[in-house]
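Heads up, the thing below is written out as structure tokens.
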Amino acid sequence: MTDLNVKPADTTIAEVRRSRTSGIDRALQILDFLQKVERPATAYEIARHTGAPLSTIYVIVDDLVEKDLLGRQESGLIWLGPRLYHYGLTYARSVDLLTIATEEMHELAAASGETIQICGRDADHMVVLAMAEGSDHFQVTSRVGTRSPLNWTASGRLLVGHLPEPERRALFERCATASPTGRAETDVNVLAASSRAALEQGLSIQAGESDFSVACIAAPIRDTQGACCATISIVVPDIKVRQKDPDLIALVKASARRIESRLGWRPGRA
0 MTDLNVKPAD TTIAEVRRSR TSGIDRALQI LDFLQKVERP ATAYEIARHT
50 GAPLSTIYVI VDDLVEKDLL GRQESGLIWL GPRLYHYGLT YARSVDLLTI
100 ATEEMHELAA ASGETIQICG RDADHMVVLA MAEGSDHFQV TSRVGTRSPL
150 NWTASGRLLV GHLPEPERRA LFERCATASP TGRAETDVNV LAASSRAALE
200 QGLSIQAGES DFSVACIAAP IRDTQGACCA TISIVVPDIK VRQKDPDLIA
250 LVKASARRIE SRLGWRPGRA
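As numbered in numbering that gives the first Met the number 0, residues 0 to 269 make up the sequence shown, in order.
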């Protein structure tokens with residue numbers, strides 16, 4: 000006897016939708032993996048990381064390569080494709096915060112002669128969103144796209160300073176790790192307190208915690224609610240942190256204030 004409540008067409012549409020979602024999820028897993036490792040990878044590596052059958056990865060990779068979302072090198076290694084770059088440029092142009100912060104970043108680089116970075120938060124990491132080199136061309140290892148654990152950097156602490164204390168503690172318990180120099184703070188209590196204090200002071204400084212002899216002087220870019228949406232920072236040799244000509248601390252704090260003002264985020268804040 001036929002069940003009149005069954006709708007074959009609807010069932011087929013649902014199955015297609017589930018299949019399509021699964022394919023999108025797999026594609027995102029591939030892209031996320033390549034972003035995480037920051038290097039080309041083999042299809043086998045991708046399959047092992049995502050837990051997908053190798054045959055499935057081959058099919059999805061071929062499709063993404065055909066659409067320029069991925070690129071396949073002569074060696075067979077898979078890497079991000081040029082279409083993603085164009086998407087990124089279009090998105091970046093639409094983000095007022097990044098546009099204005101980038102303009103101020105170049106002004107600060109010219110005024111200070113030092114390397115300037117705009118940084119944001121990606122889950123448990125700080126990520127470099129934009130960078131301008133100063134006239135002395137001091138070389139830093141953290142280029143655009145570099146991700147670092149939040150507890151390693153001055154910017155990382157500022158980016159979570161506005162969170163409620165229980166959330167800050169839980170975050171640092173989860174993500175605080177030792178740095179290559181062994182000098183990054185890992186104590187959850189210290190990190191939770193210092194991140195809040197740094198945001199309230201509008202300044203965070205770290206020296207030699209993530210890289211030997213390298214210091215970072217960071218100021219928060221806060222929205223109307225006081226949340227730190229991004230940071231602007233000066234990266235210098237650690238011997239320059241307290242110099243007064245030019246006064247790097249004053250310069251970076253002034254730049255952050257100008258960004259907030261241009262975005263209309265400063266009314267009522269000293």
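C-beta: ideal position from N, C-alpha, C; glycine also.
Among residues of its own chain, excluding the 5 on either side of residue i, which ones have a beta-carbon nearer than 6 Å to its beta-carbon?
i: residue 126; result: 119 and 146
i: residue 16; result: Per-residue confidence for residue 16 stands at a pLDDT of 47, beneath the threshold of 50, marking its modelled position as unreliable; no derived number is given.
i: residue 254; result: 103, 107 and 231
i: residue 141; result: 127
Quick check: what's the CA-CA separation for residue i versus residue j?
i: residue 59; j: residue 25; result: 8 Å
i: residue 78; j: residue 33; result: 7 Å
i: residue 172; j: residue 23; result: 32 Å
i: residue 95; j: residue 258; result: 10 Å
i: residue 45; j: residue 68; result: 15 Å
i: residue 84; j: residue 143; result: 13 Å
i: residue 117; j: residue 164; result: 25 Å
i: residue 188; j: residue 154; result: 18 Å
i: residue 89; j: residue 99; result: 15 Å
i: residue 133; j: residue 139; result: 11 Å
i: residue 263; j: residue 159; result: 22 Å
i: residue 166; j: residue 135; result: 40 Å
i: residue 168; j: residue 252; result: 27 Å
i: residue 223; j: residue 203; result: 20 Å
i: residue 72; j: residue 91; result: 27 Å
i: residue 190; j: residue 265; result: 27 Å
i: residue 61; j: residue 70; result: 9 Å
i: residue 109; j: residue 174; result: 35 Å
Give me, in chain order, the residues of the same chain whose beta-carbon lies closer than 8 Å to that of residue i; leave out the 5 immediate sequence neighbours on both sides.
i: residue 247; result: 111, 113, 216, 233, 235, 239 and 240
i: residue 201; result: 218, 219, 252 and 255
i: residue 121; result: 146
Run the CB neighbour count on residue i, radius 10 Å, all protein chains shown included, and call it buried at 16 or more, exposed below.
i: residue 249; result: exposed
i: residue 20; result: Reliability of the predicted coordinates at residue 20 is poor, the pLDDT of 49 falling under 50, and the value obtained from them is presented with this limitation in mind. Exposed, since its Cβ has fewer than 16 Cβ neighbours within 10 Å.
i: residue 38; result: exposed
i: residue 176; result: exposed
i: residue 260; result: exposed
i: residue 242; result: exposed
i: residue 103; result: buried
i: residue 35; result: exposed
i: residue 51; result: buried
With distances taken between CB atoms, is the gap from residue i to residue j smaller than 8 Å?
i: residue 214; j: residue 226; result: no
i: residue 66; j: residue 47; result: no
i: residue 75; j: residue 101; result: no
i: residue 80; j: residue 63; result: yes
i: residue 208; j: residue 230; result: no
i: residue 212; j: residue 244; result: no
i: residue 148; j: residue 123; result: yes
i: residue 198; j: residue 157; result: yes
i: residue 294; j: residue 107; result: Any question about residue 294 goes unanswered here, given that the chain covers just 0 to 269.
i: residue 49; j: residue 28; result: yes
i: residue 43; j: residue 30; result: no
Grab me the residues of residue i's own chain with a C-beta within less than 7 Å of its C-beta, minus the 5 sequence neighbours each way, in chain order.
i: residue 105; result: 131
i: residue 151; result: 178, 183, 208 and 209
i: residue 161; result: 198, 225, 226 and 227
Determine contact between the region 186-194 and the region 214-222, defined as no fewer than three beta-carbon pairs at a distance below 8 Å.
no
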